[in-house]
Amino acid sequence: MLTIDIDTARRFILGKQGLWPGRRWQGILGTEQAMAAMEYLQLDPLQILARSQDIKLHSRVIDYTPGMWEKAAYQQRKFFDWGGWLAVRPMDELPHWRVVMRRERDSNARLHSIAHEHAAAIVEMRATLQERGAVSNRDFKMATRTRTDSYRGRKDSALALYYLWLTGEVMTHHRENFERVYALTETVAPAHLIRESSEREADRFLIKKDVSFSSLTRMNRVSDSYHRGVPFGSARQIIEALLADGELIEVQVEGWKAVHYALAGDAGLLYDLSMGRVPKAWAPLATTTTEEVVFLAPLDHVSARGRAKVLFGFDYVWEVYKPEHQRKFGYYTLPILWGDRLVARFDSKLDRATKTLVILGLWLEDQALGSDEAFAEALARGFARFVTFLGASKLDAQAIGEPLLRRRAGSLLLHGA
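Here it is, written out as structure tokens:
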């Protein structure tokens, strides 16, 4: 068993996800590389500053612009989106996911209900797709449809298309204002990938993918893999087999009670990090996270769902769905990564009319950072890149209480750093 300290664990998790020690990908090719390294790009429709998935990729890819992931997925067909937990996955994984799709069709009680109650609509949507090639739910007017009360859709056509998508008969052809436009799977995916891998191959793949996604994981009953098609009863047996076959390793993190798992192929990364070395493959193309802070998306895996507290001692909750009077910080507060630590957070809004990013509040974990020259410079650089990414041209930093941080943020933008 490998034993590492918490600093090594933190850098390993950040580095595997492409967030440390700096951006190591660039442009559309870099977007594809980042999406593959991340394992899952979770999608969310909410757009305040930008959508969560775009902020995630901005944090990892130089010159990333909103929507680049869609080009990789829907134009180049390198990836596909799928799942009740909606995420983008590499297209070459499709045979494994088709096993999961079939399991969904056979065992998901909600899908059984849709298949029974809306059988005629499902047949109709199949025929419509054959005839038209691609359709969206908006193509079917409410006045002509049977109304439903499902959160998956208000029309029988919406539920029928969702059923066909979740069971693998159709895929997302592209998106219009984030809404899926569907097409038959054979018109989207390469023919050689429209098949099922074996049950054993799929289960081992799902476990290893989830280990890679988390970097270090306990693989307990609430782990993500249990919601992605791995049967409860066989998961422990699969993990033991992967350990015996040398595909997984056990890792003990000092201060953590439970033993965690990592991919055996990542042992070299863990060794380098434990020796204080940055793996060569992780060398940043430009600034490091010490020289320029990075803003994490609300749904970034390294900090969402309580993980920020475990890894960084940083208590982060996305408050967008909380009533205003219950919010501690703000509606769309983003964590700030400096070096390998989460050191602050900020809330903001984008005034599109004036192309201004307006800071609504900035909160430091350590008040001493307010007079730290290195942090002030790194924060200003982060804001400058973020403003460009959002398509804005100005930053309103008046709500930043620390004079040094407020002054640096404004001056760096003015001089185009």
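For the sequence shown, this note's numbering begins at 23 and goes up steadily by one.
Think of the CB as a built atom: it goes at the ideal place given N, C-alpha and C, for glycine as much as any other residue.
Just so you know, these numbers come straight off a predicted model, no measurement behind them.
Between which two residues does the beta strand (DSSP E) containing Phe368 stretch? Sequence index remark: in the sequence shown, residue 368 carries index 346 (1-based). Its beta strand (DSSP E) spans residues 363-373.
For Thr194, does the count of other Cβ atoms within 10 angstroms reach 16, so buried, or fall short, so exposed? Numbered from 1 along the sequence shown, position 172 holds the residue referred to as residue 194. Burial call: buried.
Which residues DSSP lists as bridging Thr239, in chain order: For the purposes of this step, residue 239 is taken as residue 217 along the sequence shown, with counting starting at 1. Beta-bridge pairing links Thr239 to Tyr283.
Determine the DSSP secondary structure at Tyr248, reduced to helix, strand or coil. The residue you call residue 248 lines up with position 226 of the sequence shown. Model confidence at Tyr248 stands at a pLDDT of 49, short of 50, so the residue's coordinates are unreliable; what they give is reported in the following sentence. The answer is helix: DSSP assigns Tyr248 an H, G or I state.
Please list the terminal residues of the continuous alpha helix (DSSP H) segment that includes Gly52. Against the sequence shown, residue 52 aligns to sequence position 30. 49-60 is the span of the alpha helix (DSSP H), which, as asked, contains Gly52.
Given Glu313 as reference, the closest of Leu333, Trp385, Glu262, Phe405 once Cα atoms are compared: For the purposes of this step, residue 313 is taken as the residue at position 291 of the sequence shown. For Glu313, the nearest C-alpha among the options comes from Phe405.
Taking the alpha carbon of Ala330 as the point to measure from, which residue in Leu71, Leu364, Lys350 has its own alpha carbon closest? Taking the first residue of the sequence shown as 1, we reach residue 330 at position 308. When each option's Cα is compared against that of Ala330, the closest is Leu364.
Since His347 is in the alpha helix (DSSP H), which residue starts that stretch and which ends it? Here the question's residue 347 lines up with position 325 in the sequence shown. That residue, His347, is in no alpha helix (DSSP H); it is neither H nor E in DSSP.
Presumed contact (8 Å Cβ cut-off) between Gly383 and Asp369, rounded CB distance: Start at 1 with the first residue of the sequence shown, and residue 383 comes out as number 361. Start at 1 with the first residue of the sequence shown, and residue 369 comes out as number 347. Gly383 to Asp369, Cβ: 5 Å. Contact.
Have a look at the DSSP bridge pairing and note the partners of His195. On the sequence shown, position 173 is the one that residue 195 refers to. Beta-bridge pairing by DSSP links His195 to no other residue.
What are the partner residues of Pro467, as DSSP defines its beta bridges? In the structure displayed, the chain extends from 23 to 439; residue 467 sits before or after that span and is not available.
Let me check one thing: in DSSP terms, what residues is Ser172 bridge-paired to? Taking the sequence shown and counting its residues from 1, one reaches residue 172 at position 150. According to DSSP, which records beta bridges pairwise, Ser172 is partnered with Gly175.
Taking only the alpha-carbon atoms, compute the straight-line gap between Ala211 and Trp385 and give it to the nearest angstrom. Indexing the sequence shown from 1 puts residue 211 at position 189. Indexing the sequence shown from 1 puts residue 385 at position 363. Here the alpha carbon of Ala211 sits roughly 46 Å from the alpha carbon of Trp385.
Return the CA-CA distance between Gln420 and Gly190, expressed in angstroms with no decimal places. Locating residue 420 in the sequence shown gives position 398, where the first residue counts as 1. Locating residue 190 in the sequence shown gives position 168, where the first residue counts as 1. Their Cα atoms are separated by approximately 51 Å.
Cutting at 6 Å between CB atoms, please list the residues of its own chain near Glu424, excluding the five before and the five after it. Walking along the sequence shown from the start, residue 424 turns up at place 402. Within the same chain, Glu424 has close Cβ partners Gly392.
Put Glu221 into one of helix, strand or coil per three-state DSSP. Counting from 1 along the sequence shown, the entry for residue 221 is found at position 199. Helix, per DSSP.
Ends of the beta strand (DSSP E) at Lys68? For this step, residue 68 is matched to residue 46 along the sequence shown. Correcting the residue identity first, residue 68 is Leu in this sequence and not Lys. In the DSSP annotation of this structure, Leu68 is not part of any beta strand (DSSP E), being labelled neither H nor E.
Let's see if you can read the secondary structure: which residues bound the alpha helix (DSSP H) around Asp294? Within the sequence shown, numbered from 1, the residue matching residue 294 stands at position 272. Here the alpha helix (DSSP H) through Asp294 covers 289-296.
Could you check whether Thr311 and His282 sit closer than 7 Å to each other, using their CB atoms as the reference points? Indexing the sequence shown from 1 puts residue 282 at position 260. Indexing the sequence shown from 1 puts residue 311 at position 289. Cβ atoms of His282 and Thr311: not closer than 7 Å.
For Leu79 and Ala72, the rounded distance between their alpha carbons: Counting from one through the sequence shown, the residue named residue 72 turns up at place 50. Counting from one through the sequence shown, the residue named residue 79 turns up at place 57. Cα to Cα, the separation comes out at about 11 Å.
Residues of its chain near Ile77, where Cβ-Cβ distance is below 6 Å and the 5 sequence neighbours each way are ignored: For the purposes of this step, residue 77 is taken as residue 55 along the sequence shown, with counting starting at 1. Contacts found: Ala319.
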